[in-house]
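Numbering follows UniProt numbering, in which position 36 of the sequence shown is assigned residue number 36; successive positions increment by one, without gaps.
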Amino acid sequence: MDVGDKKSIEKARDTIKEKHGGLDVLVNNAGVLQLLPESGNSGLMDLKRYLSIQAGKATFETNFLDLLDICNVFFPILRDHARVVHIRIAKTGNSVDHGYPDFFGPYSMTKISVNALTRLQQRNLDGDKNHTDIIVNACCPGHVATDLNNHSGTRTVEERTDNPVYLATLPATRSSED
């Protein structure tokens, strides 16, 4: 599924609905850190690469707007007791307590947005009488070596699947008859 292509997202949803009748777990893990080409000034810490409108738009589109689009398409087929996990690289309290480093401006703003979206989605689902016990969570796997960071992370993907798997498999807290 191409997370930036609405038709691809809808096709995936239709296939899941047709073959399985609904969705039990939705994990959102797509993300980019869009940079401009190096300007030759100070390399990685060159703020112009991180704080540009062009880089910000591309980063925000993938990391937040595409995630929101996926949720809007897939949430209607979530089954009772479904689990939604947004994986993002930001501890919830850090943006409030410490702010984010300037050089990850647009990327950091998308992560703050995902944190807020997670809370809003859960609040809306809690008030929805048509869905029972759907839980939306977000987790930060830490500095994982991925394509996003040119594999500079300190841990492997395999080492950091524990939190997302735990959240995706949380037991039901109440029955659909309650």
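C-beta atoms are modelled at their ideal positions from N, C-alpha and C, and glycine is treated no differently.
Of all C-beta pairs linking the segment 71-82 to the segment 125-134, three or more are shorter than 8 Å, placing the two stretches in contact.
Going by DSSP, R155 is part of no alpha helix (DSSP H) at all; its letter is neither H nor E. Between R79 and D14, the CB-CB gap reaches or exceeds 7 Å. The beta carbon of V85 is closer than 6 Å to those of V27, N137, P164, L167, A168 in its chain, skipping five residues each way along the sequence. Residue burial annotation: S8 is exposed, with fewer than 16 other C-beta atoms found within 10 angstroms of its C-beta.
Residue pairing by DSSP places A138 opposite H86 in a beta bridge. Cβ-Cβ distances below 7 Å link L117 to L68 in the same chain, with the five nearest sequence neighbours on each side left out; the list follows chain order. Of the other Cβ atoms in all chains shown, 16 or more fall within 10 Å of the Cβ of Q121; this residue is therefore buried.
Annotated three-state conformation of N130 is coil, per DSSP. Less than 7 Å separates the beta-carbon of V114 from that of R88.
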